[in-house]
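What follows is a set of notes on a single structure, which appears directly below.
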Amino acid sequence: MRIGVVGCGAWGTNHARTLRGFRALAAVADADPGRAEATANGFGCAAMTPDALLADPSIQGVVLALPPHLHAQTALDVLAAGKHLLVEKPMALDLVSGQAIVDAAQAANLVAMTGHLLRFHPAFLALETILQEGRLGQIRYIQSTRIGLGRFFSGADALWDIAPHDLSLILALTGAMPQAVQLETSSVVGVGNDIAHLHLTFPGGVQSHSYVSRLAPRRDRSLTVIAGNGMAVFDDLKPWPQKLALYPNQVWRDGDDVHFTSAEPTYIATPETLPLEAELSHFMACIEGGGTRRSSVAEGLDVLRVLSMAEAGGQSGKAAPARLTGHSAPPVHPNNERLS
Numbered sequence: 004m005r006i007g008v009v010g011c012g013a014w015g016t017n018h019a020r021t022l023r024g025f026r027a028l029a030a031v032a033d034a035d036p037g038r039a040e041a042t043a044n045g046f047g048c049a050a051m052t053p054d055a056l057l058a059d060p061s062i063q064g065v066v067l068a069l070p071p072h073l074h075a076q077t078a079l080d081v082l083a084a085g086k087h088l089l090v091e092k093p094m095a096l097d098l099v100s101g102q103a104i105v106d107a108a109q110a111a112n113l114v115a116m117t118g119h120l121l122r123f124h125p126a127f128l129a130l131e132t133i134l135q136e137g138r139l140g141q142i143r144y145i146q147s148t149r150i151g152l153g154r155f156f157s158g159a160d161a162l163w164d165i166a167p168h169d170l171s172l173i174l175a176l177t178g179a180m181p182q183a184v185q186l187e188t189s190s191v192v193g194v195g196n197d198i199a200h201l202h203l204t205f206p207g208g209v210q211s212h213s214y215v216s217r218l219a220p221r222r223d224r225s226l227t228v229i230a231g232n233g234m235a236v237f238d239d240l241k242p243w244p245q246k247l248a249l250y251p252n253q254v255w256r257d258g259d260d261v262h263f264t265s266a267e268p269t270y271i272a273t274p275e276t277l278p279l280e281a282e283l284s285h286f287m288a289c290i291e292g293g294g295t296r297r298s299s300v301a302e303g304l305d306v307l308r309v310l311s312m313a314e315a316g317g318q319s320g321k322a323a324p325a326r327l328t329g330h331s332a333p334p335v336h337p338n339n340e341r342l343s
C-alpha cells in the first residue's frame, strides 16, 4: 500500500508519521516546497508538489490535511486523479461542495472518508457497542464538552473547527438527523466565534448539547450519555483504564416525587490503540477490500448539514432535514427503563 499526504502542517505530520509506521508512506506534498522537503527528510519518503503526487500512478490513496478552505477543491482533485481519499474535517465549508465530494466518490467508486478521528477511539467503540446491546436502555440525553485554550486561525471558527468531533459522535449514537437546532455563539477575540453552544433535538425527544470553546483556561474532552437504565462518560483526558465509565445511576418518578439511585462507576477496559492508527488502518483496509464502513464522506456531509443549519437558522430552532445520509440508526431495545 502506498499513501501520500498533502499538507505538512502539524496534523499532516502526524498522518505521515503514522503511515511510516505502517510502511505505507509514499510521499508528502505541500504548497511550501521547503516544508515538504523537511517533512520528507524526517520520514524517509519522497517530497513532491501536490500535482506531482496526484499524478503518480503508484500512489493509491491520499490523505488531505490542509487549511479547511482548501479541502473541498483538493478533495475533488484527488478523486478526479483516481485516488482513494481521506480528508480531514471539516471536509468542506458549505453543503454544495460537500455534496460534490460525495457524488464524485460514488461516481468513481473510490473509498472516501472524513477524518472524524474519535469515531475510531477504542473507548467510543466500546460505548457504541454497550448502547447497541441495550445495556443502558434508550438514550435520553447527550452532553459533550470540548474546550481549551488556543487554535486561533482564520478560515474556521470554533463551531466549524471543534464541533465536528462531537457532532460525528452524537449522530453516530443517535442514528438520526436533528429535527431542530439552537445555536448560541460568542466572539471574544474577534476571529470568528470563539465559543459555541449547540443544542439538538432528535425524533423521539432525544436531545444533545455541545459546548465548544478555544478560550477556556482548562481542557475538557468529555461525552456524557444519559440513558434509561444508567449513564456513561467517555473522558479522553483520563488515563486509559478510566476513559470509559458506566454509572448504574437511575432516576424515576412516583407521582410528584422524583427518586434516584447513585453508585460508583464501573470502568470499561479498552485496547490502548491510538485513534489515528485505527483510522488509517481502516482507510487502508477499505482500499484493499472495497467500501467504507465508518466515517465516510456521506457521514461527513451529515455533519456539514447540522453545522450549516445551525448557522442559517439555529438561533430560532429551525427544523432540520429528516434525511440522514451516512449514519445507520442504532437498534431499538425495549426494556423496563426507570428514567422518566
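Numbering (this note's numbering), first residue to last: 4 to 343.
The C-beta atom is built at its ideal place from N, Cα and C for all residues, glycine as well.
Values in this document were obtained by computation on a predicted structure and should not be read as measured data.
Looking at the ligand NAD, does it come within less than 7 angstroms of residue 227, judged from the CB to the closest heavy atom?
The ligand NAD is not part of the structure shown, which contains no ligands of any sort.
Any 3 or more C-beta pairs closer than 8 angstroms across the stretch 187-194 and the stretch 247-258
Flag = no, the stretch 187-194 and the stretch 247-258 do not touch.
What residue ranges within the stretch 161-229 form continuous beta strand (DSSP E) runs of no fewer than 3 residues, ordered along the chain?
Segments of the beta strand (DSSP E) lying fully in the stretch 161-229: 183-189, 198-204 and 210-216.
Is residue 225 close to chain C? Criterion is C-beta to C-beta, closer than 8 angstroms.
Structure shown: chain C not included; a single protein chain is present.
Quick check on the DSSP output: the beta strand (DSSP E) that includes residue 91 runs from which residue to which?
Where residue 91 is concerned, the enclosing beta strand (DSSP E) stretches over 87-91.
Would you mind giving the Cβ-Cβ distance between residue 123 and residue 301, rounded to the nearest angstrom? I have them listed as a contact below 8 angstroms.
So it is not a contact: roughly 17 angstroms between Cβ atoms.
From 12, 220, 143 and 239, residue whose alpha carbon lies closest to that of residue 68
Taking only the C-alpha atoms, the option nearest residue 68 is 12.
Identify which residue in 241, 279 and 227 has its Cα closest to the Cα of residue 272.
It is 241.
Can you list, in chain order, the residues of its chain whose CB lies under 7 angstroms from that of residue 129, leaving out five sequence neighbours each side?
Residues 247, 271 and 273 of the same chain have their beta carbon placed closer than 7 angstroms to that of residue 129, with the five preceding and five following residues left out of the count.
What did DSSP end up calling residue 100 once you bin it into helix, strand or coil?
Three-state DSSP puts residue 100 in a helix.
List the DSSP bridge partners of residue 77.
DSSP, once it has assigned bridges, lists no residue as partnering residue 77.
Closest by CA to residue 200, which one among 9, 313, 72 and 251?
Looking at the Cα atoms, 313 is the closest of the given residues.
Is the CB-CB distance between residue 287 and residue 27 below 8 angstroms?
It is a contact, given that the beta carbons lie within the stated cut-off.
Within a Cβ cutoff of 8 angstroms, which residues of the same chain sit near residue 322, ignoring the five residues on either side of it in sequence?
Note on residue 322: pLDDT 44, under 50, position unreliable in the model; the coordinate value appears next. Result list for residue 322: 182 and 183, in chain order.
What residue range is occupied by the uninterrupted beta strand (DSSP E) comprising residue 256?
253-257 is the extent of the beta strand (DSSP E) around residue 256.
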